[in-house]
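Numbering (our numbering), first residue to last: -7 to 179.
The C-beta atom is built at its ideal place from N, Cα and C for all residues, glycine as well.
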């Protein structure tokens, strides 16, 4: 995004003349995990018989599951050691029935997401592989974030503005001054 926070993920490149397209890592993993290929019909991205609510740039808003380290992390060293030791039960516990993503967790590949604050520092940026994991989770759950219409936004804003106005009008002047001061002080 323009402020360098990662809120959106491109799912596919523009389809070619034959309707073929390249997919993002998370989208390809979702297709493989479900065993269903996506297609573009009439300009809409379809997957599993449902339209994915993507933008004209073929992006979705990532519905983050939580802050950094929401998903389990397993060191590649630990995984290799378990494999060399023949500890199949541990490996099964780590990966059975799950999508496994490999990726670095270094400062160069950490990015601010909606869970980042300027007070929390670099360590609370999210690793790139975890951003892909959140995109994958959004796709597999089908729990998409879609924008509301301008009409709904205006109605919500009017409602939020009218409630304090109605409360203020119903109170006596000294009480109104007190509650307005309290409300301003709370923000």
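Check                                                                                                              : Outcome
Option in 49, 53 and 4 with minimal Cα separation from residue 139                                                 : 53
Expected contact under 8 Å - CB spacing of residue 51 and residue 0 to nearest Å                                   : 4 Å
Boundaries (first-last residue) of the alpha helix (DSSP H) holding residue 33                                     : Counting along the chain, residue 33 falls outside any alpha helix (DSSP H), though it belongs to the beta strand (DSSP E) covering 31 to 33.
Rounded Cβ spacing between residue 63 and residue 125 (contact assumed at less than 8 Å)                           : 5 Å
Exposure label - residue 42; buried when at least 16 CB within 10 Å                                                : exposed
Straight-line Cα distance separating residue 161 from residue -4                                                   : 43 Å
N-terminal and C-terminal residue of the beta strand (DSSP E) that residue 39 is part of                           : 36 to 39
Residue 37 classed as buried or exposed, judged by whether at least 16 other C-beta atoms fall within 10 angstroms : buried
Local Cβ density within 10 Å of residue 156, reported as buried at 16 or more and exposed below that               : exposed
Helix, strand or coil at residue -1 [DSSP, three-state]                                                            : coil
Classification of residue 173 by the beta-carbon crowding that lies within 10 angstroms, buried from 16 upward     : exposed
Environment of residue 143 [buried if 16+ CB atoms lie within 10 Å]                                                : exposed
Status (buried if at least 16 other CB within 10 Å, exposed otherwise) for residue 176                             : exposed
Three CB pairs or more closer than 8 Å across the region 64 to 72 and the region 82 to 96                          : yes
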